[in-house]
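Read top to bottom, the protein sequences are chains A and B. To convert a position in the first sequence, counted from 1, into our numbering, add 29. To convert a position in the second sequence, counted from 1, into our numbering, add 445. C-beta atoms are modelled at their ideal positions from N, C-alpha and C, and glycine is treated no differently. See below for the structure under consideration.
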Amino acid sequence: AQSVTQLDSHVSVSEGTPVLLRCNYSSSYSPSLFWYVQHPNKGLQLLLKYTSAATLVKGINGFEAEFKKSETSFHLTKPSAHMSDAAEYFCVVSGGYGGSQGNLIFGKGTKLSVKP
Amino acid sequence: GAGVSQTPSNKVTEKGKYVELRCDPISGHTALYWYRQSLGQGPEFLIYFQGTGAADDSGLPNDRFFAVRPEGSVSTLKIQRTERGDSAVYLCASSLNAGGTDTQYFGPGTRLTVL
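This is the structure we're talking about:
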């Protein structure tokens with residue numbers, strides 16, 4: 030079965046400093062992995078996705094993530110945090126195979142706070 | 446273009462009542478998904494449609510929950526005999542196809558409160 034574990038429920042950084050949101054996955058198959066962001070009272074928005082092409086994936090708003098099979102990790106990073114990055118971030122793996130391959134399995138989320 | 450829309454945005458009902466939640470996917474998207482997000486949790490998969498048929502309903506918690514997509518576009522999630530534990534945000538998403546790599550675009554959700 031597919032699953033993801035977000036290692037931090039809350040991360041706090043200062044504006045202009047790097048962001049690291051950690052995610053480990055478990056998958057019986059070659060996974061597709063995603064990061065979604067959810068701002069308060071807004072819908073989920075895709076930041077980036079990994080689909081077995083390049084292991085370093087660049088997304089929107091300066092975010093990127095690196096797929097590391099040996100570590101079963103897919104951590105999200107950004108070199109310099111902005112106040113507008115404050116939101117909830119979800120690491121997501123696709124359901125796997127056959128009829129369930131499109132189902133997304135979400136982690137519990139990491140709330141990112143950015144201090145001025 | 447227009448994104449995924451959901452109506453109503455908020456629904457308050459009493460325990461035991463019946464509710465319907467509607468989702469309008471992005472035009473041309475063949476796959477439509479329903480998720481449920483409880484407070485402080487990530488969304489959990491309920492059901493998805495490929496065209497008009499439910500391809501996977503393994504996430505529906507019990508037989509009080511049912512969803513339809515009769516013409517392959519708009520979908521309705523139906524909940525009978527609502528319980529307080531059904532209170533959550535119900536999210537709908539659509540994608541061009543139902544493959545594991547297809548991007549799912551989410552609507553703003555319907556916040557259901559069962560008193």
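Open item on the list: Here's the rule: buried if 16 or more other CB atoms are within 10 angstroms of the residue's CB, otherwise exposed. What is Lys-107/A?
Closed with: For the purposes of this step, residue 107/A is taken as residue 78 along the first sequence, with counting starting at 1. Its Cβ being crowded by 16 or more others within 10 Å, Lys-107/A is buried.
Open item on the list: So, for Lys-87/A: in the same chain, excluding its five sequence neighbours on each side, which residues have a beta-carbon less than 8 Å away from its beta-carbon?
Closed with: If you number the first sequence from 1, residue 87/A lands on position 58. Closer than 8 Å at Cβ, skipping near neighbours: Leu-77, Glu-93.
Open item on the list: Only counting the same chain, and skipping five residues up and downstream in sequence, which positions put a Cβ closer than 7 Å to that of Asp-531/B?
Closed with: Sequence index remark: in the second sequence, residue 531/B carries index 86 (1-based). Cβ neighbours of Asp-531/B beyond the five flanking positions: Ile-524, Leu-557, Val-559.
- [ ] Identify whether Asp-501/B lies in helix, strand or coil by the three-state DSSP scheme.
- [x] As a first step, residue 501/B is located in the second sequence; it is residue number 56 there, counting from the start. Three-state result, Asp-501/B: strand.
TODO: Measure the CB-CB distance between Thr-458/B and Val-464/B and report whether it falls below 8 Å.
DONE: As a position in the second sequence, residue 458/B is number 13, starting the count at 1. As a position in the second sequence, residue 464/B is number 19, starting the count at 1. Taking 8 Å as the Cβ cut-off, Thr-458/B and Val-464/B qualify as a contacting pair.
- [ ] Indicate whether at least one CB of chain B lies closer than 8 Å to the CB of Leu-62/A.
- [x] Here the question's residue 62/A lines up with position 33 in the first sequence. So no, Leu-62/A is outside the interface.
TODO: Determine the closest residue to Ser-32/A out of Lys-97/A, Ser-57/A, Glu-117/A, with distance taken between C-alpha atoms.
DONE: Along the first sequence, one-based indexing puts residue 32/A at 3. The option with the nearest alpha carbon to Ser-32/A is Ser-57/A.
Task: Inter-residue spacing [alpha-carbon to alpha-carbon] between Lys-97/A and Arg-467/B - done: Against the first sequence, residue 97/A aligns to sequence position 68. Against the second sequence, residue 467/B aligns to sequence position 22. Computed Cα separation, rounded: 39 Å.
Task: Coil, strand or helix - Asp-531/B by DSSP - done: Taking the second sequence and counting its residues from 1, one reaches residue 531/B at position 86. Helix.
TODO: State the beta-bridge partners of Lys-87/A as determined by DSSP.
DONE: Stepping through the first sequence from its first residue, residue 87/A is reached at position 58. Bridge partners of Lys-87/A: Glu-93/A.
Task: Ala-533/B to Arg-481/B span [Cα, whole Å] - done: For the purposes of this step, residue 533/B is taken as the residue at position 88 of the second sequence. For the purposes of this step, residue 481/B is taken as the residue at position 36 of the second sequence. So the alpha carbons of these two residues sit roughly 7 Å apart.
- [ ] Taking the CB atoms as reference points, tell me whether Ser-520/B and Cys-537/B lie closer together than 8 Å.
- [x] Here residue 520/B refers to the residue found at position 75 of the second sequence. Here residue 537/B refers to the residue found at position 92 of the second sequence. Going by C-beta atoms, Ser-520/B is nearer than 8 Å to Cys-537/B.
Open item on the list: Please return the same chain residues whose Cβ sits closer than 8 Å to the Cβ of Val-40/A, not counting the five positions on each side in sequence.
Closed with: Mapped onto the first sequence, residue 40/A falls at position 11. Excluding residues within five positions, the ones whose Cβ falls inside 8 Å are Val-48, Leu-49, Leu-50, Thr-139, Lys-140, Leu-141, Ser-142.
Task: Span separating the alpha-carbon of Glu-26/A from that of Cys-52/A - done: An answer regarding residue 26/A cannot be provided, because it is not within the stretch 30 to 145 covered by chain A.
Open item on the list: Helix, strand or coil for Asp-508/B? Go by DSSP, reduced to three states.
Closed with: Against the second sequence, residue 508/B aligns to sequence position 63. Three-state DSSP puts Asp-508/B in coil, outside helix and strand.
Open item on the list: Just verifying my parser: in three-state terms, what is the DSSP assignment at Ser-113/A?
Closed with: Translated into the one-based positions of the first sequence, residue 113/A becomes position 84. In the structure shown, Ser-113/A sits in a helix (DSSP, three-state: H, G or I).
- [ ] Starting from the beta carbon of Ser-138/A, find every residue of chain B whose beta carbon is closer than 9 Å, and list them in chain order.
- [x] Taking the first residue of the first sequence as 1, we reach residue 138/A at position 109. This sequence places Gly at residue 138/A; Ser is not what is there. Residues of chain B passing the Cβ test: Gly-485, Gln-486, Gly-487.
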